[in-house]
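Asks:
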Amino acid sequence: MTETMRALVAGRGPEWILADAVLPEPGPGQVLIRNRAAATNNADLPMLAEADPTRGGHGREFIAGFEYAGEIAALGEDAGDWQVGDPVMGTFPSAFADYLIADHRFVLPRPEGLAEDIACALPTALLTEFGALTVAGFVPGRSVLITGATTGIGLVGVQMAKVLGASSVVATTRTAGKRELLAGLGADTVIVTGDEDLTQATLAATGGKGADVVLDHVAGETFAQCLPATAEDGHVVNIGRLAGPASTIDLDALSYRHLTVHGVSFGFSRDWETVPILESLSADVLPAVARGEIQPVIDSVVDVADFQQVAERLRSGKAVGKAVLVFG
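For the sequence shown, numbering that gives the first Met the number 0 begins at 0 and goes up steadily by one.
1) Run through the stretch 253–292 for me and flag every whole alpha helix (DSSP H) of 4 or more residues, listed as ranges in chain order.
2) Jot down the residue ranges of each uninterrupted beta strand (DSSP E) in the stretch 140–221, minimum 3 residues, whole runs only, in chain order.
3) Determine the closest residue to residue 194 out of 182, 207, 213 and 172, with distance taken between C-alpha atoms.
4) Do the stretch 135–150 and the stretch 57–69 touch if we need at least three Cβ pairs shorter than 8 Å?
5) If I measure Cβ to Cβ from residue 10 and keep anything under 8 Å in the same chain, skipping five residues before and after, which residues do I get?
6) List the endpoints of the continuous alpha helix (DSSP H) containing residue 122.
7) Going by CA-CA distance only, name the one from 205, 6 and 38 that's closest to residue 97.
8) For residue 113, which three-state DSSP category applies?
9) For residue 35, count the other beta carbons within 10 Å of its own beta carbon; 16 or more makes it buried, fewer makes it exposed. Which is it?
10) Mind checking residue 317: buried by the 16 CB within 10 Å criterion, or exposed?
11) For residue 38, which residues from the same chain have a beta carbon less than 7 Å from its beta carbon, with the 5 sequence-adjacent residues on both sides left out?
12) Can you give me the start and stop residues for the beta strand (DSSP E) that residue 231 sits inside?
13) Closest to residue 261 by C-alpha separation, out of 162, 222, 207 and 28, would be which residue?
14) Are the beta-carbon atoms belonging to residue 95 and residue 102 less than 9 Å from one another?
15) Can you tell me where the beta strand (DSSP E) with residue 301 in it begins and where it stops?
16) Assuming residue 214 contacts residue 248 (C-beta within less than 8 Å), just tell me the rounded distance between them.
17) Does DSSP put residue 19 in a helix, a strand or coil?
18) For residue 8, which residues does DSSP report across the bridge?
19) Could you tell me the boundaries of the beta strand (DSSP E) in which residue 324 lies?
20) Find out if the Cβ-Cβ distance for the pair residue 179, residue 152 is shorter than 9 Å.
21) Over what stretch of residues does the alpha helix (DSSP H) that includes residue 240 continue unbroken?
22) Which partner residues does residue 106 have in the DSSP bridge list?
23) Report buried or exposed for residue 257, applying the criterion of at least 16 other Cβ atoms within 10 angstroms of its Cβ.
24) Expressed to the nearest angstrom, what Euclidean distance is found between the alpha-carbon atoms of residue 134 and residue 80?
25) From the DSSP output, in three-state form, read off residue 318 for me.
26) According to DSSP, is residue 29 part of a helix, a strand, or is it coil?
27) Give me, in chain order, the residues of the same chain whose beta-carbon lies closer than 8 Å to that of residue 0; leave out the 5 immediate sequence neighbours on both sides.
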């Protein structure tokens, strides 16, 4: 008799459906993970909409989600040094289910004592923010500007930059009420973009020099304002496009300041760059996670049976941090 599991399935309509799915088996290079908790991300809703056949979507069914925490349940051949029972976390497709298959190279060890409903909210942010800092050539002593800092990954980015030795962390938000949150996480300067000019405020915070590294989660006009706010020979990394994919930039600011602009994909999706980033992350960042120096901000924790509450929370735009689904 085929074993089944619970899974949130997209592709049947405008909402996820909690359904039975076949329990997968790991192949070569893969591990089977008993999933205990999964974090939601802003990308989950667009993926759901794109699959909705009732509104012109492609209609291909798939198990939603891509961020999880649990333990190794079974091993395929050549699955590295993992052992059954090892506590793990990571990012991989089909995470909104009791079990999922993952490439063993993309699995992170879950620090001892870190609860699954906390751990699941970290991997995407850790990989994205550390990867962006790596691409930008960040080293201790450099200043960092983080736009859209109250996004789930931005909140982790603020903490990470501070832990890794940034001389100054400048963070932006559209909401004055979130100033204390960012300051408490390590931001030396918080810019409320509706009240202050991003470029001028960043220059003032960095002694007129500008930030050495910019992690931009917003794009649009914000991205354009980042260029003259960046130090000579600095690096600007675009990660997210909350304000849309288009931006009109001042090429004088780009050229005369000798800036380097990088574009990275959310979560770093190319094997050849993801694997070495995860290896460095395990060595350089996970110890800080284990010490509690980098923590996700959790908006809510909901049993998977009540998943619609999470979907509504995401759609409201009012979530601060990650909404988490618990699979038990």
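For glycine and all other residues, C-beta sits at the position ideal for the given N, C-alpha and C.
Replies: This is what the structure holds:
1) 270–283 and 285–289
2) 142–146, 167–172, 188–191 and 210–215
3) The residue given as residue 194 occupies position 195 in the sequence shown. Looking at the Cα atoms, 172 is the closest of the given residues.
4) no
5) Locating residue 10 in the sequence shown gives position 11, counting from the first residue. Here the set comprises 50, 51, 52, 56, 57, 58, 59, 60 and 61.
6) Looking up residue 122 in the sequence shown gives position 123. From DSSP, the alpha helix (DSSP H) with residue 122 extends over 122–134.
7) Taking the sequence shown and counting its residues from 1, one reaches residue 97 at position 98. The candidate whose alpha carbon is nearest that of residue 97 is 6.
8) The residue labelled residue 113 in the question sits at position 114 within the sequence shown. If DSSP states are grouped into helix, strand and coil, residue 113 belongs with coil.
9) Counting from 1 along the sequence shown, the entry for residue 35 is found at position 36. The residue in question, residue 35, is buried, as its Cβ has 16 or more Cβ neighbours within 10 Å.
10) Working through the sequence shown from its first residue, we reach residue 317 at position 318. The residue in question, residue 317, is exposed, as its Cβ has fewer than 16 Cβ neighbours within 10 Å.
11) By 1-based counting over the sequence shown, the position of residue 38 is 39. So the list reads 66, 119, 120, 321 and 323, once near-sequence residues are dropped.
12) Against the sequence shown, residue 231 aligns to sequence position 232. Segment 229–237, the beta strand (DSSP E) holding residue 231.
13) Reading the sequence shown from its first residue, position 262 is the one you call residue 261. Answer by Cα proximity: 222.
14) Locating residue 95 in the sequence shown gives position 96, where the first residue counts as 1. Locating residue 102 in the sequence shown gives position 103, where the first residue counts as 1. It is not a contact, given that the beta carbons lie outside the stated cut-off.
15) On the sequence shown, position 302 is the one that residue 301 refers to. Taken as a continuous stretch (DSSP letters only), the beta strand (DSSP E) holding residue 301 covers 297–302.
16) Mapped onto the sequence shown, residue 214 falls at position 215. Mapped onto the sequence shown, residue 248 falls at position 249. At roughly 17 Å, the Cβ-Cβ gap does not stay under 8 Å, so residue 214 and residue 248 are not in contact.
17) Working through the sequence shown from its first residue, we reach residue 19 at position 20. Strand at residue 19.
18) Along the sequence shown, one-based indexing puts residue 8 at 9. Paired residues: 16 and 62.
19) On the sequence shown, position 325 is the one that residue 324 refers to. It spans 321–325 - the beta strand (DSSP E) in which residue 324 sits, taken as one unbroken run.
20) For the purposes of this step, residue 179 is taken as residue 180 along the sequence shown, with counting starting at 1. For the purposes of this step, residue 152 is taken as residue 153 along the sequence shown, with counting starting at 1. Taking 9 Å as the Cβ cut-off, residue 179 and residue 152 do not qualify as a contacting pair.
21) Position 241 of the sequence shown, counted from the start, is the residue given in the question as residue 240. Unbroken run through residue 240: none, as it is neither H nor E.
22) Here residue 106 refers to the residue found at position 107 when the sequence shown is read from its first residue. Residue 106 pairs with 89.
23) Taking the sequence shown and counting its residues from 1, the one referred to as residue 257 is at position 258. Under this definition residue 257 is an exposed residue.
24) Here residue 134 refers to the residue found at position 135 when the sequence shown is read from its first residue. Here residue 80 refers to the residue found at position 81 when the sequence shown is read from its first residue. Roughly 28 Å separates the two Cα atoms.
25) Along the sequence shown, read from residue 1 onward, the residue named residue 318 stands at position 319. Residue state, collapsed to three classes: coil.
26) Taking the first residue of the sequence shown as 1, we reach residue 29 at position 30. Three-state DSSP puts residue 29 in a strand.
27) By 1-based counting over the sequence shown, the position of residue 0 is 1. Reliability fails at residue 0, whose pLDDT of 49 lies under 50, so the model's placement of it is uncertain and the value that follows must be treated cautiously. The answer is none, since no qualifying residue turns up.
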